[in-house]
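Residue numbers (the numbering used here), protein chains in the order written: chain X, 1 to 473; chain V, 1 to 102. Think of the CB as a built atom: it goes at the ideal place given N, C-alpha and C, for glycine as much as any other residue.
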Amino acid sequence: MDFSNFLMMHQELGLLAIFLILIVFDIFAGETPVMKWFRPLAVFLLAVHTVAGFFVVEDGTAFGGMYVTNDLTVLMKNILNIGTLVVFLQAGEWLRKEDKGIREGEFYVITAATLFGMYLMISAGNFMLLYIGIETASLPAACLAAYKKHQEKSAEAGAKYILMTAFSSGIMMFGLSYLYGATGTMYFEDMQSLITMTPMTVLGFVFFFAGLAFKISLVPFHMWAPDVYEGSPTPTTAYLSVVSKAAAVFVLMLTLHHVFGGMEKVWYYLMWVITVVTIVVGNLFAIRQNDIKRFFAYSSISQAGYIMLGVLHGSEMGLSATVYFILVYLFSNLAAFGVITSVENRTGRTEIAAYNGLYKTNPKLALVMMLAVFSLAGIPPLGGFFSKFFIFASAAEQGDYILVFIATVNTVISLYYYLRIVKAMFINEPAADMGEVMRTDVYNKASLVLCVAGMLLVGVVSGVYDYIDAIGF
Amino acid sequence: MIPMEHYLIVSSIMFFVGVYGFITRKNLLAVLISIELILNSVEINFSVFNRYLYPEHMEGMFFSLFGIAISAAETAVAIAIIINVYRLANNIDVRHIDKLKH
Numbered sequence: 001m002d003f004s005n006f007l008m009m010h011q012e013l014g015l016l017a018i019f020l021i022l023i024v025f026d027i028f029a030g031e032t033p034v035m036k037w038f039r040p041l042a043v044f045l046l047a048v049h050t051v052a053g054f055f056v057v058e059d060g061t062a063f064g065g066m067y068v069t070n071d072l073t074v075l076m077k078n079i080l081n082i083g084t085l086v087v088f089l090q091a092g093e094w095l096r097k098e099d100k101g102i103r104e105g106e107f108y109v110i111t112a113a114t115l116f117g118m119y120l121m122i123s124a125g126n127f128m129l130l131y132i133g134i135e136t137a138s139l140p141a142a143c144l145a146a147y148k149k150h151q152e153k154s155a156e157a158g159a160k161y162i163l164m165t166a167f168s169s170g171i172m173m174f175g176l177s178y179l180y181g182a183t184g185t186m187y188f189e190d191m192q193s194l195i196t197m198t199p200m201t202v203l204g205f206v207f208f209f210a211g212l213a214f215k216i217s218l219v220p221f222h223m224w225a226p227d228v229y230e231g232s233p234t235p236t237t238a239y240l241s242v243v244s245k246a247a248a249v250f251v252l253m254l255t256l257h258h259v260f261g262g263m264e265k266v267w268y269y270l271m272w273v274i275t276v277v278t279i280v281v282g283n284l285f286a287i288r289q290n291d292i293k294r295f296f297a298y299s300s301i302s303q304a305g306y307i308m309l310g311v312l313h314g315s316e317m318g319l320s321a322t323v324y325f326i327l328v329y330l331f332s333n334l335a336a337f338g339v340i341t342s343v344e345n346r347t348g349r350t351e352i353a354a355y356n357g358l359y360k361t362n363p364k365l366a367l368v369m370m371l372a373v374f375s376l377a378g379i380p381p382l383g384g385f386f387s388k389f390f391i392f393a394s395a396a397e398q399g400d401y402i403l404v405f406i407a408t409v410n411t412v413i414s415l416y417y418y419l420r421i422v423k424a425m426f427i428n429e430p431a432a433d434m435g436e437v438m439r440t441d442v443y444n445k446a447s448l449v450l451c452v453a454g455m456l457l458v459g460v461v462s463g464v465y466d467y468i469d470a471i472g473f
Numbered sequence: 001m002i003p004m005e006h007y008l009i010v011s012s013i014m015f016f017v018g019v020y021g022f023i024t025r026k027n028l029l030a031v032l033i034s035i036e037l038i039l040n041s042v043e044i045n046f047s048v049f050n051r052y053l054y055p056e057h058m059e060g061m062f063f064s065l066f067g068i069a070i071s072a073a074e075t076a077v078a079i080a081i082i083i084n085v086y087r088l089a090n091n092i093d094v095r096h097i098d099k100l101k102h
């Protein structure tokens, strides 16, 4: 047998090595003082892996076209790596605080396992590998959602997540079975040339899209998101709302381009409606939330609508704009979740009222939160403005002015509810018990610095967009 | 030989019974069983398409095998989580699992 195929998968192998090192370390050092080295080790290994991902790029396919790697997939994996690294940095403090019945190391191990599944999703050249990747990514994610095993809310979130994810992958597989029946192949390349507009392939595509839309939490399929986001531990919420969503969007983008390119007439109208509904419903429901995690769930639903704006034309510019949007969204949302984690670790509260007067007690945290919500809303000097600008420009380039108009109006609405948090932090008086200054540990500080640098620099340094734009399909 | 359509009718009925059960069932285990119905209907589809339309390759059969293995893993995780829900809430009725609503 020729083993050179495996060399193509060096990113997967690197992650697998990290996974194995961490799991062995956790098993053998779990109860000993050596365990205090676990977290530095996990962060260090993933940081090295992330940086290394930018240097080794090799085009090619392996295993008869099942596995595909090129500049674009490597870029997507690097973005996911950055997100996971930030989650690793933010999770530790909460894990130390949890009662000792929970083994600390498991969180990192399970997260590495889901990331491995996302790698397979992105690199798949065959629907079977895509399906295996999606399941590898979502089964451990359910364990992450149910991680606080002594808390009913967390268990409920885990149950909801695993049932919804199994249901959605069942629907997706049903669509795939029809596509297989119509074309006789599971390979992307062969299917693209064989696919025609028959009722059977349209049905198959719609089911397939519905399954993926559950993972991206687009509107008719979003009902699980607020509940799961609220009940899960905060680092898990950050992971689900950023990394997991980004991977699903990447897969949708790649399959639309590589497989369903000939069916644009079907998916354009389907996604047009879904995009509009997603942006509007996500925004309107976000206004009336009082729990900050639920609030960010709805905000991330409407952000998913903006992401779809770039996906739905399948154009070259839309692709670069989408990848760029996701990069900025990653930094902004994770910065917000970093602040939520530190506040929750100190006060144990997640209502928006808990942020009253945060500027008076913790000016730095309030400042980071302000930058994050401004970036999500799209205020000019920050990355969020540029990412929204590019994504609107990519839709306007195709002459879709009505859609751009609706999205712009909704940006104004979103400013209203994002400013609610800023008002609570800067104008409202702090509650009596909020006097203490919160101190977060050095890891969380590093993650916040990384996110703020990302938000400020990714927009202004135009080289980032050029770098993404140069890669293309 | 039984015509292919008969198999497809059975699998479609199974699929929609599963979807109906997923929406209406009140017990978490019954919801899980409904999901199994959906997954099994998909596996019938793949095997039948492979056997009748494309017998020269084995892709559909392999997909079914992988599907069976993955749905077993899914059930294991789901049941572990449901047991945890039962321990904490003493109940697996979906009407009582509503801590996350406002």
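Quick check on the DSSP output: the beta strand (DSSP E) that includes residue i runs from which residue to which?
i	result
V/V31	From DSSP, V/V31 is part of no beta strand (DSSP E) but of the alpha helix (DSSP H) over L28 to Y52.
X/V68	Y67 to T69
X/T61	G60 to A62
Does residue i pass the burial test, meaning 16 or more other C-beta atoms within 10 Å, or should it be called exposed?
i	result
X/T408	exposed
X/A353	exposed
X/D466	exposed
X/S193	exposed
V/R51	exposed
X/L457	exposed
V/K101	exposed
X/S4	exposed
X/Y401	exposed
X/V56	exposed
Starting from residue i, trace the alpha helix (DSSP H) both ways and give me its first and last residue.
i	result
X/T408	Y401 to F426
X/D190	F188 to L194
X/A146	Premise fails: X/A146 is in no alpha helix (DSSP H) and is neither H nor E.
X/L19	With the sequence shown as reference, residue 19 of chain X is identified as Phe, and Leu is not the correct amino acid for it. Looking at the DSSP string, the run of the alpha helix (DSSP H) that includes X/F19 is H10 to A29.
X/N356	No alpha helix (DSSP H) holds X/N356; DSSP gives it neither H nor E.
V/N84	E59 to A89
X/R294	I292 to V311
X/T198	Run containing X/T198: none; DSSP gives neither H nor E here.
X/I379	No alpha helix (DSSP H) contains X/I379, which DSSP labels as neither H nor E.
X/S342	E316 to T347
X/L235	The residue asked about is misnamed: residue 235 of chain X is Pro in this sequence, not Leu. X/P235 -> alpha helix (DSSP H) spans T234 to Y239.
V/F22	M4 to T24
V/I92	Element bounds for V/I92: n/a, residue is neither H nor E.
For residue i, which residues in chain V fall below 8 Å Cβ to Cβ?
i	result
X/E230	L100
X/L115	Those within 8 Å of X/L115 in chain V number zero; the least Cβ separation is about 17 Å.
X/K481	With chain X running from 1 to 473 in the structure shown, residue 481 of chain X is simply not present.
X/M128	E59, F62, F63 and F66
X/D227	L100 and K101
X/K149	N84
X/E135	I70, A73 and E74
Please list the partners that residue i has in chain V, where partner means a Cβ-to-Cβ separation under 7 Å.
i	result
X/C143	V77
X/E156	V85, I97, K99 and L100
X/G139	Looking at the sequence itself, residue 139 of chain X is Leu, so the reference to Gly does not match. What X/L139 touches in chain V: A73, E74 and V77.
X/A146	I81 and N84
Just the chain X side, please: which residues come within less than 9 Å of residue i by C-beta, in chain order?
i	result
V/T22	It is worth fixing the name first, because residue 22 of chain V is Phe in this sequence and not Thr. The contacting residues are L163, F167 and G170.
V/V10	The contacting residues do not exist; V/V10 stays about 13 Å from chain X at best.
V/I136	A question about residue 136 of chain V goes unanswered here, because the residues of chain V that appear run from 1 up to 102.
Run through chain X and tell me which residues come within less than 7 Å of residue i, C-beta to C-beta.
i	result
V/F15	F174
V/V42	G170, M173, F174 and S177
So which residues on chain X does residue i lean against when the C-beta distance must stay under 8 Å?
i	result
V/I35	L163, A166, F167 and G170
V/N27	Within chain X, no residue comes near V/N27; the closest Cβ sits about 12 Å away, beyond 8 Å.
Quick one: which chain V residues come within Cβ less than 9 Å of residue i?
i	result
X/I132	F66 and I70
Exercise for the section: Below 8 Å between beta carbons is the criterion; list the residues of the segment 52-68 of chain V that meet it against any residue of chain X, in chain order. Expected result: From the segment 52-68 of chain V, only L53, Y54, H57, E59, G60, F62, F63, F66 and G67 have a Cβ closer than 8 Å to chain X.
Problem - Residues in the segment 71-91 of chain V having any Cβ partner in chain X nearer than 7 Å - result: Listed by position along the chain: A73, E74, V77, A78, I81, I82, N84, V85, L88 and A89.
Practice task
Kindly confirm or deny that the segment 125-144 of chain X and the segment 3-13 of chain V touch, where touching means at least three C-beta pairs closer than 8 Å.
Solution key: The segment 125-144 of chain X is not in contact with the segment 3-13 of chain V.
Practice task
Using a Cβ-Cβ cut-off of less than 7 Å, list which residues of the segment 168-183 of chain X approach chain V; keep chain order.
Solution key: Taken in chain order, the members of the segment 168-183 of chain X whose beta-carbon sits within less than 7 Å of a beta-carbon on chain V are G170, M173, F174, S177, Y180 and G181.
Exercise for the section: Give a yes or no on contact between the segment 16-27 of chain V and the segment 329-342 of chain X, applying the rule of three or more CB pairs nearer than 8 Å. Expected result: No, they do not touch.
Exercise for the section: Mind the definition here: the segment 77-88 of chain X touches the segment 141-154 of chain X only if three or more C-beta pairs lie below 8 Å; say whether that holds. Expected result: Segments in contact, no.
Handout entry: chain V contacts made by the segment 185-197 of chain X, where a contact means CB separation under 9 Å
Key = Close to chain V, meaning a Cβ-Cβ distance shorter than 9 Å, are the following residues of the segment 185-197 of chain X: T185, M186 and Y187.
Problem - Sufficient close CB pairs (3 or more, under 8 Å) joining the segment 21-28 of chain V to the segment 418-434 of chain X - result: Too few Cβ pairs lie closer than 8 Å, so no.
Problem - Stretch-stretch touch, CB-based, cutoff 8 Å, three pairs: the segment 201-213 of chain X with the segment 136-144 of chain X - result: Result no; under three Cβ-Cβ pairs closer than 8 Å.
Handout entry: Contact between the segment 283-296 of chain X and the segment 266-275 of chain X (3+ Cβ pairs under 8 Å)
Key = In short, these stretches do not touch, since the Cβ pair count stays below three.
Exercise for the section: Would you check if the segment 115-128 of chain X and the segment 181-188 of chain X touch, i.e. whether three or more CB-CB distances between them fall below 8 Å? Expected result: At 8 Å Cβ cutoff, the stretches touch.
Practice task
Can you give me, in chain order, the residues of the segment 233-248 of chain X that have a beta carbon less than 8 Å from any beta carbon in chain V?
Solution key: Of all residues in the segment 233-248 of chain X, none has a Cβ within less than 8 Å of some Cβ in chain V.
Handout entry: At least three beta-carbon pairs within less than 8 Å, the segment 75-95 of chain V to the segment 31-39 of chain V
Key = Taking 8 Å as the limit for Cβ pairs, the verdict is that the segment 31-39 of chain V does touch the segment 75-95 of chain V.
Exercise for the section: Mind the definition here: the segment 232-245 of chain X touches the segment 166-180 of chain X only if three or more C-beta pairs lie below 8 Å; say whether that holds. Expected result: By the Cβ rule, the segment 232-245 of chain X does not count as touching the segment 166-180 of chain X, because fewer than three pairs are nearer than 8 Å.
Handout entry: At least three beta-carbon pairs within less than 8 Å, the segment 242-253 of chain X to the segment 323-331 of chain X
Key = Yes, the segment 242-253 of chain X touches the segment 323-331 of chain X.
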